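**Q** Just so you know, the protein sequences line up as chains A and B, in that order.
Residue numbering for the first sequence follows the numbering used here, starting at 106 and increasing by one per position.
Residue numbering for the second sequence follows the numbering used here, starting at 106 and increasing by one per position.
Every residue gets a Cβ at the ideal spot worked out from N, C-alpha and C, and that includes glycine.
Everything numeric in this text was worked out from a predicted model, so none of it was measured.
I have a structure here, written as structure tokens, and I will follow up with some questions on it.
2 protein chains.
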Amino acid sequence: MKIGIVGGTGDIGEGMAMRLSPVFDVIVGSREKDKAEAACEFNIETLRKRGQKCSLTGVSNQNVVDDAEIVILAIPYKHLIGTLETLCGFEEKIIISPVNPIEKRDFFTCVPPPEGSAALLIKKLLPASARICTAFNTIAANRWKLLDEELSYSVPVCGDDDNAKQQVMEIVNGISKLRAFDAGPLAASHLVECLTPLLLNIARYNKMKDVGIQFH
Amino acid sequence: MKIGIVGGTGDIGEGMAMRLSPVFDVIVGSREKDKAEAACEFNIETLRKRGQKCSLTGVSNQNVVDDAEIVILAIPYKHLIGTLETLCGFEEKIIISPVNPIEKRDFFTCVPPPEGSAALLIKKLLPASARICTAFNTIAANRWKLLDEELSYSVPVCGDDDNAKQQVMEIVNGISKLRAFDAGPLAASHLVECLTPLLLNIARYNKMKDVGIQFH
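Have a look at this one:
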């Protein structure tokens with residue numbers, strides 16, 4: 106099973122690739138293939154120095170969609186529509202959205218699109234057969250990258266396709282100490298997308314760094 | 106310092122009274138004073154059998170507002186406007202809102218009023234000098250009542266009056282193992298009020314009971 110990361114040279118995408126590629130076959134995309142290749146070389150070397158083997162290849166974003174069974178959209182919300190418009194071939198794929206429609210005003214807040222959430226906007230933009238799940242919304246880019254630290258967080262997962270959701274939850278549970286929780290259908294994603302601005306506010310007002318969440 | 110609970114004979118209010126009254130002076134209100142008195146007698150006896158002393162008195166909801174410096178609105182969202190319309194004297198008081206505008210559709214979701222959150226609706230309904238804070242939104246009624254169990258949860262607190270927020274955070278930190286986190290101004294309360302439907306969905310879809318939250 107191949108996992109692809111669209112926007113894989115961004116802050117979060119790069120961290121995800123470092124955590125996922127020792128466990129799964131990972132391909133990482135960028136608008137420019139060269140950039141993805143260079144990032145992967147650097148990350149493979151970083152992992153090698155730590156004594157970790159990995160399966161990590163840099164390609165174009167379109168190649169990610171073409172070749173991966175599971176596609177993570179590691180794209181900032183503001184670039185979501187623009188990026189998806191340049192790509193095709195999402196039919197039948199499992200799509201993971203960690204995207205949060207966040208704005209910084211006096212404080213961080215959630216400003217969802219008319220569809221209700223980034224996840225439902227993605228659903229509107231992609232073919233009906235794409236099986237979209239929300240996951241990884243609350244893991245900060247810095248935490249992905251701090252490879253010496255375990256990720257001891259809960260990860261709510263939303264989606265309408267039970268089989269896809271099960272596969273996504275298994276991937277989540279395969280990374281560090283992440284623990285997946287079924288958070289309901291895709292239409293419930295706005296409740297998950299609201300978590301990140303809350304965590305950013307808590308970090309800011311309590312002088313903390315990269316606050317995460319656990320359910321129990 | 107006297108803490109009052111409006112709606113203190115409801116499920117959550119009663120549990121709060123049991124946890125708060127061994128630590129603080131607590132008065133508990135109901136629409137009918139007799140009902141509040143009876144509930145308090147029962148709760149005092151329960152605590153006495155456990156060897157716990159408490160300061161707990163049953164009064165009317167209006168007496169709660171008159172006599173307490175800090176007033177917790179332990180009211181279901183659907184009764185919020187109706188209850189507040191029957192009460193007066195909130196000037197200068199510290200008001201704690203644990204109220205969540207939740208609806209159960211196919212899943213639990215947040216349906217905020219036009220003001221943006223239950224907290225901002227309360228702000229509109231009460232005099233301008235009332236110092237409103239959001240707190241205790243995510244602690245389930247059952248958990249309040251299970252006195253043998255510690256409450257090991259994080260409690261986000263929103264509010265615009267720094268002194269009031271500080272006092273509320275101290276109260277939170279005085280109960281069991283609750284830990285208060287400053288979650289920003291009152292206008293950020295909608296992010297907190299969205300947590301409870303998320304936790305209810307997680308409980309439902311993962312067959313868990315009374316899911317709570319920790320930030321770290």
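1) Which residues of the stretch 287 to 302 of chain B have a Cβ closer than 8 Å to any Cβ of chain A? Give them in chain order.
2) Tell me which residues share the same chain as residue 315 of chain A and place their Cβ nearer than 6 Å to its Cβ, disregarding the 5 neighbours each side in the sequence.
3) When the distance is taken between beta carbons, is residue 235 of chain B closer than 7 Å to residue 204 of chain B?
4) Tell me which residues share the same chain as residue 257 of chain B and place their Cβ nearer than 6 Å to its Cβ, disregarding the 5 neighbours each side in the sequence.
5) Using a Cβ-Cβ cutoff of less than 7 Å, which residues in the same chain neighbour residue 161 of chain A once the five nearest sequence positions on both sides are dropped?
6) Beta carbon of residue 243 of chain B, beta carbon of residue 300 of chain B: below 7 Å?
7) So, is residue 193 of chain A buried or exposed, given that buried needs 16 or more other C-beta atoms within 10 angstroms?
8) Give a yes or no on whether 7 Å exceeds the smallest Cβ distance from residue 307 of chain B to chain A.
9) By the 9 Å beta-carbon criterion, what residues does the stretch 165 to 193 of chain A contribute toward chain E?
10) Determine the extent of the beta strand (DSSP E) in which residue 134 of chain B is found, giving its start and end residues.
11) Helix, strand or coil: how does DSSP classify residue 289 of chain B here?
12) Inspect the beta-carbon positions of residue 293 of chain A and residue 212 of chain B and report whether they are closer than 7 Å.
13) I'd like the list of long-range same chain contacts for residue 309 of chain A, defined as Cβ closer than 8 Å, with 5 residues on each side in sequence excluded.
14) Let me know if residue 210 of chain B comes out buried or exposed under the rule of 16 or more other beta-carbons within 10 Å of its beta-carbon.
15) Check whether the Cβ atoms of residue 277 of chain B and residue 260 of chain B sit closer than 7 Å, and answer yes or no.
16) Can residue 176 of chain A and residue 207 of chain A be called in contact, C-beta distance under 7 Å?
17) Looking at the strands, I want to know which residues DSSP matches up with residue 165 of chain A.
18) Along chain B, in chain order, which residues have C-beta atoms closer than 9 Å to that of residue 239 of chain A?
19) Buried or exposed, going by whether 16 or more other CB atoms sit within 10 Å of the CB of residue 198 of chain A?
20) What runs of the alpha helix (DSSP H), each 4 residues or longer, lie entirely inside the stretch 254 to 315 of chain A?
21) Smallest Cα separation from residue 255 of chain B: which of B:221, B:317, B:307?
22) Note down the Cα distance separating residue 108 of chain A from residue 266 of chain A, rounded to an integer number of angstroms.
23) Do residue 195 of chain B and residue 218 of chain B count as a contact pair if the criterion is CB distance below 7 Å?
24) Please find out if some non-hydrogen atom of the ligand MG comes closer than 6 Å to the beta-carbon of residue 106 of chain B.
25) Rounded to the nearest angstrom, what separates residue 163 of chain A and residue 264 of chain A at their Cα positions?
26) How about residue 195 of chain B: is its C-beta nearer than 7 Å to some C-beta of chain A?
27) Pull up the CB-CB distance for residue 179 of chain B and residue 221 of chain B, whole angstroms please, since I reckon it's below 8 Å.
28) Would you decide whether residue 216 of chain B is buried or exposed? Buried here means 16 or more other CB atoms lie within 10 Å of its CB.
29) Indicate whether at least one CB of chain B lies closer than 7 Å to the CB of residue 147 of chain A.
30) Using 7 Å as the threshold, is the C-beta distance between residue 287 of chain A and residue 311 of chain B below it?
31) Which of the three DSSP states, helix, strand or coil, is assigned to residue 120 of chain B?
32) Rounded C-beta distance between residue 230 of chain A and residue 291 of chain A? I'm assuming under 8 Å.
33) Do residue 168 of chain A and residue 111 of chain A have their CB atoms nearer than 7 Å?
34) Tell me whether the beta-carbon of residue 319 of chain B lies closer than 7 Å to the beta-carbon of residue 157 of chain A.
35) Assign residue 106 of chain A to one of two classes, buried (16 or more other C-beta atoms within 10 Å of its C-beta) or exposed (fewer than that).
36) For chain A, is any of its Cβ atoms less than 7 Å away from the one on residue 268 of chain B?
**A** The short version:
1) From the stretch 287 to 302 of chain B, only 287, 288, 289, 290, 292, 293, 295, 296, 297, 299, 300, 302 have a Cβ closer than 8 Å to chain A.
2) Taken in chain order, the residues that qualify are 245, 247, 248.
3) Taking 7 Å as the cut-off, the Cβ atoms of residue 204 of chain B and residue 235 of chain B do not count as close.
4) By the criterion of a C-beta distance shorter than 6 Å, residue 257 of chain B is surrounded in its chain by 282, once the five residues flanking it on both sides are discounted.
5) Taken in chain order, the residues that qualify are 122, 126, 131, 133, 145, 148, 149.
6) Contact flag set, yes.
7) Residue burial is scored here from C-beta neighbours: residue 193 of chain A has fewer than 16 other C-beta atoms within 10 angstroms and is therefore classed as exposed.
8) For residue 307 of chain B, the nearest beta carbon of chain A is closer than 7 Å to its own beta carbon.
9) In the structure shown, chain E does not exist; the protein chains are A and B.
10) Where residue 134 of chain B is concerned, the enclosing beta strand (DSSP E) starts and stops at 130 to 135.
11) Here residue 289 of chain B sits in coil by DSSP.
12) The Cβ atoms of residue 293 of chain A and residue 212 of chain B lie closer than 7 Å to each other.
13) Correct list, in chain order: 212, 213.
14) By the neighbour-count criterion, in which 16 or more other beta carbons inside 10 Å mark a residue as buried, residue 210 of chain B falls on the exposed side.
15) In this structure, residue 277 of chain B places its C-beta atom within 7 Å of the C-beta atom of residue 260 of chain B.
16) In this structure, the beta-carbon distance from residue 176 of chain A to residue 207 of chain A does not fall below 7 Å.
17) The partner list for residue 165 of chain A (beta bridge, DSSP) reads A:135.
18) Result: empty, since nearest Cβ-Cβ is about 11 Å, beyond 9 Å.
19) Residue 198 of chain A is buried by the Cβ-count criterion.
20) Secondary structure remark: continuous alpha helix (DSSP H) runs of at least 4 residues inside the stretch 254 to 315 of chain A, in chain order: 267 to 278, 294 to 298, 300 to 310.
21) For residue 255 of chain B, the nearest C-alpha among the options comes from B:317.
22) Spanning the two alpha carbons is a distance of roughly 18 Å.
23) In terms of Cβ geometry, residue 218 of chain B and residue 195 of chain B do not form a close pair [threshold 7 Å].
24) Ligands displayed in this structure: none; no statement on the ligand MG is therefore possible.
25) Linking residue 163 of chain A to residue 264 of chain A through their CA atoms gives a straight-line distance of about 28 Å.
26) Answer no: the Cβ-Cβ gap between residue 195 of chain B and chain A never drops below 7 Å.
27) Not confirmed; about 22 Å, so no contact.
28) Its Cβ having fewer than 16 others within 10 Å, residue 216 of chain B is exposed.
29) Not closer than 7 Å to any Cβ of chain B, the Cβ of residue 147 of chain A fails to qualify, so no.
30) Yes. Within cutoff.
31) Judged by DSSP in its simplified three-state form, residue 120 of chain B adopts helix.
32) Between the beta-carbon of residue 230 of chain A and that of residue 291 of chain A there is about 13 Å, and that puts the pair past the 8 Å contact cut.
33) Between residue 168 of chain A and residue 111 of chain A, the gap from beta carbon to beta carbon reaches 7 Å or more.
34) No, these two residues do not count as a Cβ contact at 7 Å.
35) By the C-beta density criterion, residue 106 of chain A is exposed, having fewer than 16 other C-beta atoms within 10 angstroms.
36) Not one chain A Cβ lies under 7 Å of residue 268 of chain B.
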